[in-house]
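To keep things clear, I will list the structure first and then write my remarks on it.
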Amino acid sequence: MPNQATEKLLKILKLEAQTGYHDRAVTRGLQSFAAAWLADAARNEIDPDWAESVAREMREYSALADEARRRAALDALVVRLRSPVLRSASSPTHSKDAAAHLAGRPGEQGIKLTAGQQTAGAPGVLAVAAPSPAPPPARPIKPSSAPQSASAPRLREAGLGLDAPVIKLSGVGEFNAQKFARLGIHTIRDLLYYFPMRYDDYSALKTINQLFYGEQVTIVGRVASVRKHRTRNNLMIVRAVIEDASGMIECSWFTSERHVDHLMKQFAIGREMVISGKVTEYLGRLTFQNPAYEPAEREWITGGSIVPVYRLTEGLQPLLMRRVMKRVVDYWPSRVPEHLPESVRSELKLMPIAEALREIHFPHTMPLQESARRRLAFDELFALQLAVLRQRQMWRQEPAQPLRADRALLGRLAAALPYRLTGAQQRALEAIVEDLGRPNAMHRLLQGDVGSGKTVVAALSMALAASQGVQSAMMAPTEILAEQHYKTIERLFGAFAAHGVIPPISLALLTGSTRASDKRAIYDGLADGSIQVVIGTHALIQEGVSFRNLGLVVVDEQHRFGVLQRTALRQKGGALNPHTLVMTATPIPRTLALTLYGDLDNTVLDEMPPGRQPIETHWFAPPERERAYRFVQHQVEQGRQAFIICPLVEESEKIEAKAAVEEYERLQREVFPTLRLGLLHGKMKSSEKEEAMRAFAQGETHILVSTSVVEVGIDVPNATVMLIEGANRFGLSQLHQFRGRVGRGQHKSYCLLIADSSSAISDKRLQAIVNTQDGFKLAEIDLEIRGPGEFFGTRQSGDPELKLVGVGDRDLLEAARTQAEKLLEHDPELADHPLLAEKVSAFWKHRQAGDAS
Numbered sequence: 008m009p010n011q012a013t014e015k016l017l018k019i020l021k022l023e024a025q026t027g028y029h030d031r032a033v034t035r036g037l038q039s040f041a042a043a044w045l046a047d048a049a050r051n052e053i054d055p056d057w058a059e060s061v062a063r064e065m066r067e068y069s070a071l072a073d074e075a076r077r078r079a080a081l082d083a084l085v086v087r088l089r090s091p092v093l094r095s096a097s098s099p100t101h102s103k104d105a106a107a108h109l110a111g112r113p114g115e116q117g118i119k120l121t122a123g124q125q126t127a128g129a130p131g132v133l134a135v136a137a138p139s140p141a142p143p144p145a146r147p148i149k150p151s152s153a154p155q156s157a158s159a160p161r162l163r164e165a166g167l168g169l170d171a172p173v174i175k176l177s178g179v180g181e182f183n184a185q186k187f188a189r190l191g192i193h194t195i196r197d198l199l200y201y202f203p204m205r206y207d208d209y210s211a212l213k214t215i216n217q218l219f220y221g222e223q224v225t226i227v228g229r230v231a232s233v234r235k236h237r238t239r240n241n242l243m244i245v246r247a248v249i250e251d252a253s254g255m256i257e258c259s260w261f262t263s264e265r266h267v268d269h270l271m272k273q274f275a276i277g278r279e280m281v282i283s284g285k286v287t288e289y290l291g292r293l294t295f296q297n298p299a300y301e302p303a304e305r306e307w308i309t310g311g312s313i314v315p316v317y318r319l320t321e322g323l324q325p326l327l328m329r330r331v332m333k334r335v336v337d338y339w340p341s342r343v344p345e346h347l348p349e350s351v352r353s354e355l356k357l358m359p360i361a362e363a364l365r366e367i368h369f370p371h372t373m374p375l376q377e378s379a380r381r382r383l384a385f386d387e388l389f390a391l392q393l394a395v396l397r398q399r400q401m402w403r404q405e406p407a408q409p410l411r412a413d414r415a416l417l418g419r420l421a422a423a424l425p426y427r428l429t430g431a432q433q434r435a436l437e438a439i440v441e442d443l444g445r446p447n448a449m450h451r452l453l454q455g456d457v458g459s460g461k462t463v464v465a466a467l468s469m470a471l472a473a474s475q476g477v478q479s480a481m482m483a484p485t486e487i488l489a490e491q492h493y494k495t496i497e498r499l500f501g502a503f504a505a506h507g508v509i510p511p512i513s514l515a516l517l518t519g520s521t522r523a524s525d526k527r528a529i530y531d532g533l534a535d536g537s538i539q540v541v542i543g544t545h546a547l548i549q550e551g552v553s554f555r556n557l558g559l560v561v562v563d564e565q566h567r568f569g570v571l572q573r574t575a576l577r578q579k580g581g582a583l584n585p586h587t588l589v590m591t592a593t594p595i596p597r598t599l600a601l602t603l604y605g606d607l608d609n610t611v612l613d614e615m616p617p618g619r620q621p622i623e624t625h626w627f628a629p630p631e632r633e634r635a636y637r638f639v640q641h642q643v644e645q646g647r648q649a650f651i652i653c654p655l656v657e658e659s660e661k662i663e664a665k666a667a668v669e670e671y672e673r674l675q676r677e678v679f680p681t682l683r684l685g686l687l688h689g690k691m692k693s694s695e696k697e698e699a700m701r702a703f704a705q706g707e708t709h710i711l712v713s714t715s716v717v718e719v720g721i722d723v724p725n726a727t728v729m730l731i732e733g734a735n736r737f738g739l740s741q742l743h744q745f746r747g748r749v750g751r752g753q754h755k756s757y758c759l760l761i762a763d764s765s766s767a768i769s770d771k772r773l774q775a776i777v778n779t780q781d782g783f784k785l786a787e788i789d790l791e792i793r794g795p796g797e798f799f800g801t802r803q804s805g806d807p808e809l810k811l812v813g814v815g816d817r818d819l820l821e822a823a824r825t826q827a828e829k830l831l832e833h834d835p836e837l838a839d840h841p842l843l844a845e846k847v848s849a850f851w852k853h854r855q856a857g858d859a860s
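Sequential numbering of the sequence shown, starting at 8, is according to my numbering.
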């Protein structure tokens with residue numbers, strides 16, 4: 008790795024070359040910076056004799072009278088800093104070859120300055136080339152006498168492991184450890200894998216007279232003056248004038264009274280400071296507002312660098328976060344074992360893990376940052392693929408009771424339906440019948456858009472199971488959804504019996520609201536086998552529930568349940584594992600379905616039943632809100648009902664709930680005073696949510712005001728309007744799920760989108776939902792817009808955490824699956840890859856932790 012002290016000095020020498028060799032890169036010339044260089048060199052354990060010789064050349068440079076001699080001296084100094092071989096400044100070839108050495112082209116005179124870099128008096132030759140400098144040699148220093156680098160660990164950290172708590176790190180302490188814990192950072196490993204959310208590029212180092220409005224830049228200057236004053240709203244402003252040899256500029260910071268004295272102390276008159284930020288304008292003058300700052304004599308964490316920006320929590324300051332991260336990143340990545348096989352890394356041309364962890368936090372260039380991100384994104388996907396493919400292998404070996412389903416019986420059951428099955432439903436049933444007949448447990452995912460007929464497929468599968476003498480259980484995430492399934496399936500089973508296809512099937516509903524006496528009877532019926540099919544919620548996995556012969560498990564909206572909950576229901580099958588069918592109404596692009604649900608066989612219902620009318624979708628600007636309200640009022644007057652979705656609030660569910668209550672009260676008081684409104688949000692008790700949904704389903708309320716909790720699980724045929732406030736804040740799949748709450752009855756239905764702001768991405772999303780009714784097409788568009796990582800950003804129980812997978816990473820998705828398949832083919836137990844086995848184990852622990860939370 009390049010030495011930080013030499014990098015910092017090289018940036019200053021580059022600026023000196025750009026400004027024409029006038030000794031103005033720092034306020035009082037290079038001679039004044041010699042002391043700071045020596046302090047940096049000591050912190051970085053550079054040979055003190057070599058460092059002193061560099062400092063001597065800096066002092067001599069300031070004493071030189073003419074530009075030509077300064078140019079030669081600067082070139083010579085740069086070569087010394089860049090070369091691992093110490094060459095004498097008096098070497099006869101030294102000055103002659105310096106510029107050519109810097110340019111990397113022997114015999115040429117350096118690199119031409121690009122447009123905008125040349126200044127008055129500059130010779131048009133840049134004396135510092137782009138490649139990273141090689142570090143000067145360090146000599147061993149005894150621990151007792153070694154100067155302590157700001158970024159190197161203290162001696163007491165040397166014996167720690169990656170899973171040591173962050174409080175063990177020097178400079179953290181109990182107070183800051185509590186702040187880190189709020190961010191989910193508990194160990195040193197957590198810190199390494201807490202990635203920046205973005206970067207500020209302050210690598211451009213300039214003098215004040217070179218600044219332009221709007222650029223992000225770093226300057227080095229002396230504090231000429233500093234003052235503070237109070238604003239009308241009781242905030243404090245500190246204003247400091249920074250000057251260098253080319254000019255001066257004012258910097259201002261808003262701060263609290265508690266911190267103002269500390270800030271004033273930092274900007275002592277005459278102190279050399281490094282200022283990094285965006286150049287703004289005030290009253291016609293260039294200025295910095297709230298820039299990052301650090302003393303020039305200390306190791307630079309921000310100035311002259313590409314700076315990571317992390318998500319923070321209250322009380323955790325950005326500079327402290329960067330200093331802790333810098334200390335960790337300078338020492339710990341080389342101690343992270345490389346878990347990827349060399350064959351995989353070389354085939355995909357991926358960075359080593361240590362280099363990737365350094366470059367993702369403190370990149371030398373943005374192309375290197377992108378290479379680091381792709382390496383770490385591949386790690387996320389590769390661990391996921393190994394986990395799900397190994398799970399698939401294990402499930403395929405699980406013994407199950409084969410159900411020899413009669414295809415002729417399936418045909419008679421389908422004929423008893425009041426409508427014809429779609430081709431997609433018929434193909435799904437064929438696949439399920441084939442799975443049920445095998446001696447190994449079925450694990451199949453049934454994907455289908457809202458209204459595609461998943462419940463019918465599940466009902467027919469459970470009827471076939473009942474004909475073979477085994478029991479079935481269907482688990483839904485809410486009581487309302489469980490009740491809806493119960494009524495639908497009861498009606499279908501009644502039709503089968505009425506047509507004489509099969510004898511009546513005994514059916515029960517088991518939820519948290521079921522009366523104690525009824526629960527006891529249901530428990531007994533499941534235990535003795537007299538109840539053949541049960542529909543329920545989490546109540547199905549309670550300890551008192553046992554089955555005589557559970558052969559088929561159906562899990563609806565499976566992403567709402569964790570791995571542990573789904574496993575608990577399957578384990579009710581006893582010695583032989585039940586066959587499992589999981590269903591989701593959230594369309595997932597094929598590539599991501601293979602990634603996320605690679606452990607399951609995937610079936611897609613990609614046809615809609617005939618006669619289902621499209622939902623008319625309109626996009627309103629904020630000034631048109633009253634027109635949308637009038638339309639809702641008119642629909643209610645016609646006997647219909649409506650949903651109004653409150654804007655998504657990302658800060659917290661608590662704030663979102665408060666906003667929903669306020670919006671509900673405003674709508675009831677000011678907009679719909681004559682109508683009955685209901686309220687639904689995530690902070691309500693489960694019983695309160697169920698009651699709100701039940702009142703709306705039974706027509707007791709005209710309008711249900713809700714947060715996104717209504718996305719799945721309520722079927723109200725009389726609801727014909729879905730009005731979504733802040734529609735620009737939601738993803739496409741979520742908007743499509745909202746829209747699917749209406750259009751379930753005989754009346755024409757509408758979806759009204761009100762955006763509270765506009766951007767290229769949100770406008771593209773809203774136009775797509777207006778133009779397209781197909782959920783799978785919308786999911787593909789959503790994937791293109793947001794990328795795989797953000798596609799799963801609002802995670803449900805057990806979903807993987809893809810922190811770094813981005814929009815352009817479809818090739819990584821496929822590469823991860825291909826490499827995982829190849830590896831497991833030769834090492835199915837990962838016995839030869841223990842570090843990867845640990846990653847897979849950590850993946851399942853993470854999923855289970857998501858279940859518990």
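Ideal Cβ placement from N, Cα and C applies to all residues, glycine included.
*Three-state secondary structure (DSSP) of F554*: Locating residue 554 in the sequence shown gives position 547, where the first residue counts as 1. Coil.
*Rounded to whole angstroms, what's the CA-CA distance from G311 to S210? Just pull it up for me.*
What you label residue 311 is simply residue 304 of the sequence shown in a count that begins at 1. What you label residue 210 is simply residue 203 of the sequence shown in a count that begins at 1. Going by C-alpha positions, G311 is about 4 Å away from S210.
*asked:* I'd like to know whether the C-beta atoms of L601 and R824 end up nearer to each other than 8 Å.
replied: Against the sequence shown, residue 601 aligns to sequence position 594. Against the sequence shown, residue 824 aligns to sequence position 817. Yes, the Cβ-Cβ distance between L601 and R824 is below 8 Å.
*Mark I662 as exposed unless 16 or more other C-beta atoms lie within 10 angstroms of its C-beta, in which case mark it buried.*
Residue 662 sits at position 655 when you count from the first residue of the sequence shown. Its Cβ having fewer than 16 others within 10 Å, I662 is exposed.
*Tell me, to the nearest whole angstrom, how far the beta carbon of V716 is from that of I651; I am working on the premise that it is less than 8 Å.*
Translated into the one-based positions of the sequence shown, residue 716 becomes position 709. Translated into the one-based positions of the sequence shown, residue 651 becomes position 644. Not confirmed; about 13 Å, so no contact.
*asked:* My output table needs one value for S253: the three-state DSSP class, helix, strand or coil.
replied: Taking the sequence shown and counting its residues from 1, one reaches residue 253 at position 246. The answer is coil: DSSP assigns S253 none of H, G, I, E or B.
*Selection from T714, H269 and F638 that minimises the alpha carbon distance to V233*: As a first step, residue 233 is located in the sequence shown; it is residue number 226 there, counting from the start. For V233, the nearest C-alpha among the options comes from H269.
*N183 lies in the alpha helix (DSSP H); which residues open and close that run?*
Here the question's residue 183 lines up with position 176 in the sequence shown. Element bounds for N183: G180 to R189.
*Nearest CA to the CA of L293: which residue from L212, M255 and P325?*
Against the sequence shown, residue 293 aligns to sequence position 286. Taking L293 as reference, the option from L212, M255 and P325 with the minimal CA-CA separation is M255.
_Residue span of the alpha helix (DSSP H) that contains S524, given as start and end_ = To locate residue 524, count along the sequence shown from 1; it is residue 517. S524 -> alpha helix (DSSP H) spans A523 to D535.
_Buried or exposed, going by whether 16 or more other CB atoms sit within 10 Å of the CB of E490?_
Your numbering for residue 490 matches position 483 in the sequence shown. Buried, since its Cβ has 16 or more Cβ neighbours within 10 Å.
*asked:* Please identify the residue among A423, L326 and L612 whose C-alpha is closest to the C-alpha of R451.
replied: In the sequence shown, counting from the first residue as 1, residue 451 sits at position 444. Ranking the options by Cα distance to R451, first place goes to L612.
*To the nearest whole angstrom, what separates the beta carbons of S479 and M469, a pair I think is in contact under 8 Å?*
Counted from its first residue, the sequence shown places residue 479 at position 472. Counted from its first residue, the sequence shown places residue 469 at position 462. That belief holds up - the Cβ atoms of S479 and M469 are roughly 4 Å apart, short of 8 Å.
*Is V540 helix, strand or coil by DSSP?*
One-based indexing of the sequence shown puts residue 540 at position 533. DSSP places V540 in the strand class (E or B) of the three-state scheme.
*Length-filtered (4 minimum) alpha helix (DSSP H) runs lying within the segment 393–422*: Counting only runs of at least 4 residues, the segment 393–422 fully encloses the following alpha helix (DSSP H) elements, listed from N- to C-terminal order: 414–422.
_Taking its Cβ as the centre, do 16 or more other Cβ atoms sit within 10 Å of F703, making it buried, or is it exposed?_
Taking the first residue of the sequence shown as position 1, residue 703 is located at position 696. Buried, by the Cβ-count rule.
*Taking one C-beta from the segment 532–543 and one from the segment 483–500 each time, how about it: are there three or more such pairs within less than 8 Å?*
Counting Cβ pairs under 8 Å, three or more are found: they touch.
*Which of the three DSSP states, helix, strand or coil, is assigned to D47?*
Taking the first residue of the sequence shown as 1, we reach residue 47 at position 40. Residue state for D47 is assigned as helix, using DSSP reduced to three classes.
_Taking a contact to mean a Cβ-Cβ separation below 8 Å, would you say L682 touches I710 in this structure?_
The sequence position of residue 682 within the sequence shown is 675, counting from 1. The sequence position of residue 710 within the sequence shown is 703, counting from 1. Taking 8 Å as the Cβ cut-off, L682 and I710 qualify as a contacting pair.
_Relative to the C-alpha of V728, which candidate in R772, K810, A534 and E623 has its C-alpha closest?_
In the sequence shown, the residue the question calls residue 728 occupies position 721. Comparing alpha carbon positions, the residue from R772, K810, A534 and E623 closest to V728 is E623.
*Would you call the segment 619–635 and the segment 756–768 in contact, with 3 or more CB pairs under 8 Å?*
Contact holds between the segment 619–635 and the segment 756–768, because three or more Cβ pairs, one in each stretch, are under 8 Å apart.
*From the DSSP output, which residues share a beta bridge with S479?*
Numbered from 1 along the sequence shown, position 472 holds the residue referred to as residue 479. Beta-bridge pairing links S479 to V540 and L559.
*Is it buried or exposed for L576, if we count other Cβ within 10 angstroms and need 16 for buried?*
Numbered from 1 along the sequence shown, position 569 holds the residue referred to as residue 576. It is buried - the Cβ of L576 has at least 16 other Cβ atoms within 10 Å.
*Residue range of the unbroken beta strand (DSSP E) whose run includes F627*: Your numbering for residue 627 matches position 620 in the sequence shown. E623 to F627 is the span of the beta strand (DSSP E), which, as asked, contains F627.
*Beta-carbon contacts of V668 that lie in its chain and below 8 Å, excluding the five residues immediately before and after*: Taking the sequence shown and counting its residues from 1, one reaches residue 668 at position 661. Cβ neighbours of V668 beyond the five flanking positions: L686 and H688.
_Cutoff 6 Å; reference K285; Cβ partners in own chain excluding five residues on either side_ = Taking the first residue of the sequence shown as position 1, residue 285 is located at position 278. Excluding positions up to five away in sequence, the list reads Q223.
*Go through its chain and collect everything with a Cβ distance to T708's Cβ below 7 Å, but skip five positions before and after it.*
One-based indexing of the sequence shown puts residue 708 at position 701. Same-chain partners within the cutoff: R683, L684, G685 and A702.
*Candidates E845, L290, Y289 and L326, of which the one nearest Y300 by Cα*: As a first step, residue 300 must be located in the sequence shown, where it is residue number 293. Comparing Cα positions, the closest option is L326.
_Touching by the beta-carbon criterion (3+ pairs, under 8 Å), the segment 816–836 and the segment 383–390_ = Result yes; three or more Cβ-Cβ pairs closer than 8 Å.
*To which residues of the same chain is M243 closer than 7 Å at the C-beta, ignoring the five residues directly before and after it?*
Position 236 of the sequence shown, counting from 1, holds the residue named residue 243. Closer than 7 Å at the Cβ level, and outside the excluded window around M243, lie K235, R237, T262, S263, E264 and V267.
_Can you tell me where the beta strand (DSSP E) holding F295 begins and where it ends?_
Within the sequence shown, residue 295 is the residue found at index 288, counting from 1. For F295, the enclosing beta strand (DSSP E) has its first and last residue at R292 to Q296.
*Could you name the residues that DSSP lists as bridge partners for Y757?*
Start at 1 with the first residue of the sequence shown, and residue 757 comes out as number 750. E623 and V728.
*Quick one: Cα of A231 to Cα of S253, how far?*
Residue 231 sits at position 224 when you count from the first residue of the sequence shown. Residue 253 sits at position 246 when you count from the first residue of the sequence shown. For A231 and S253, the distance between alpha carbons rounds to 13 Å.
*Can you name, in chain order, every residue of its own chain whose Cβ lies under 6 Å from the Cβ of V314, other than the five neighbours on each side?*
For the purposes of this step, residue 314 is taken as the residue at position 307 of the sequence shown. Cβ neighbours of V314 within its own chain (closer than 6 Å, five residues either side excluded): D207 and Y209.
*asked:* So the candidates are A188, L420 and F638; which of them puts its Cα closest to the Cα of A466?
replied: By one-based count along the sequence shown, residue 466 stands at place 459. Here the closest residue by C-alpha is L420.
*Go ahead and pull the three-state DSSP assignment for K235.*
Working through the sequence shown from its first residue, we reach residue 235 at position 228. The answer is strand: DSSP assigns K235 an E or B state.
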